[in-house]
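Under our numbering, think of the first position of the sequence shown as -2, with each following residue one higher.
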Amino acid sequence: MAVPKQRHTKSRRNKRRMHLFLRKKQFLNCPKCGKPILPHTICWNCGYYKDREVVDVLAKLEKKERKKREKEMAAKEKEEKKEKSLSMENLSKK
-2 MAVPKQRHTK
8 SRRNKRRMHL
18 FLRKKQFLNC
28 PKCGKPILPH
38 TICWNCGYYK
48 DREVVDVLAK
58 LEKKERKKRE
68 KEMAAKEKEE
78 KKEKSLSMEN
88 LSKK
């Protein structure tokens, strides 16, 4: 059985373990639907990546779920348009 010749110091032990800690996941909000996603990934809620639709999310849903999702997306878009139209900059332009 192997036996160490000399004792390793705490600092040497900790240097060895330095890379073993866990990092917190960094989430971003999807610019289209606002759901939290990982960076550089497709949003699985709306199917968009970099302002382009990559996956048609509604195609695989059942009829009931599809209607619900379409209604959510329409409400979100309507809310965004309302926010843009009522901003101070837009009001001052008119």
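Think of the CB as a built atom: it goes at the ideal place given N, C-alpha and C, for glycine as much as any other residue. Predicted, not measured: the structure shown is a model, and the values here were computed from it.
* To do: Please determine if the stretch 23 to 39 and the stretch -1 to 9 are in contact, where contact requires at least 3 C-beta pairs separated by less than 8 Å.
  => Too few Cβ pairs lie closer than 8 Å, so no.
* Give the straight-line distance between the Cα atoms of Y45 and K2, rounded to the nearest whole angstrom. => Cα to Cα, Y45 sits roughly 59 Å from K2.
* Do the CB positions of C30 and M(-2) come within less than 8 Å of each other? -> Cβ atoms of C30 and M(-2): not closer than 8 Å.
* When DSSP labels each residue in this structure, what does N26 get in the three-state scheme? -> In this structure, N26 counts as strand in the three-state DSSP scheme.
* Asked: From E67 to R13, what distance separates their C-alpha atoms?
  -> It is roughly 52 Å from the alpha-carbon of E67 to the alpha-carbon of R13.
* Write down every uninterrupted run of the alpha helix (DSSP H) in the stretch 6 to 52 whose length is 4 residues or greater and which is fully enclosed by it, in chain order. => Correct list: 7 to 13.
* Inter-residue Cα distance where the pair is K47 and Q23 -> Distance between K47 and Q23, taken at the CA atoms: about 18 Å.
* Any idea what DSSP makes of E59, helix, strand or coil? -> Correct three-state label for E59: coil.
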